[in-house]
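Here is the structure we will look at, set down as structure tokens.
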Amino acid sequence: MYYLDVSLELADSSNIDISHVYLKKNILEAVKQLFGEEGAKSVIDILKFNIPERRFILRCESEFYIQLRASLTVASQFEGKPCVYIIHRATKNLLSFIVDSRNYKHE
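Just so we're aligned: the sequence shown equals residues 47 to 153 in my numbering.
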């Protein structure tokens, strides 16, 4: 399994409400657009979703990680609005999101 920490940036986001359902639908559409029906058959789960920040944790199979990341990189629309997916971190271990080596103080 792979886990991705992703945020969604919208061009005009003043009054757009985003739900888990629309977010997952949009991600699957991006995968389908780039990799066709076979790519869209892969399982993607949204484990955590912070609505105000539009930041979420995705889970996917290891074999599908490269296709998912590529699809998020080239995705440019969310419900007809221009958007950008920003991948902050990706890992095979979910617990690594808790630890940030950049802020760790060695003693």
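Cβ coordinates follow ideal geometry from the N, Cα and C atoms, glycine included.
What you are looking at is a predicted structure, and each value in this text was computed from that prediction instead of being measured.
Alpha helix (DSSP H) segment containing residue i, residue limits
{"i": "F81", "result": "66 to 86"}
Beta-ladder partner(s) of residue i, from DSSP
{"i": "Q123", "result": "P128"}
{"i": "S154", "result": "It is not possible to answer for residue 154, since the shown part of the chain is limited to 47 through 153."}
{"i": "Y48", "result": "C106"}
CA nearest to the CA of residue i, picked from the options
{"i": "E84", "options": "D63, Q113, S122", "result": "Q113"}
{"i": "E99", "options": "Y49, M47, I144, E55", "result": "E55"}
{"i": "I132", "options": "V120, F143, S142, E125", "result": "V120"}
{"i": "A86", "options": "Y111, I62, A57, S53", "result": "Y111"}
{"i": "K70", "options": "H134, K94, S142, A57", "result": "K94"}
{"i": "A57", "options": "I144, S108, E125, A136", "result": "E125"}
{"i": "A136", "options": "E75, N72, F102", "result": "F102"}
{"i": "N96", "options": "I64, C106, S122", "result": "I64"}
Whole-number beta carbon distance between residue j and residue i, since they are thought to touch under 8 Å
{"i": "Y49", "j": "L140", "result": "5 Å"}
{"i": "K138", "j": "M47", "result": "7 Å"}
{"i": "I92", "j": "H66", "result": "5 Å"}
{"i": "H134", "j": "V52", "result": "7 Å"}
{"i": "S117", "j": "F81", "result": "7 Å"}
Where the beta strand (DSSP E) containing residue i begins and where it ends
{"i": "V138", "result": "Before going on, a small fix: residue 138 reads as Lys here, not Val. First-last for K138: undefined, no H or E at that position."}
{"i": "R105", "result": "101 to 106"}
{"i": "F95", "result": "90 to 96"}
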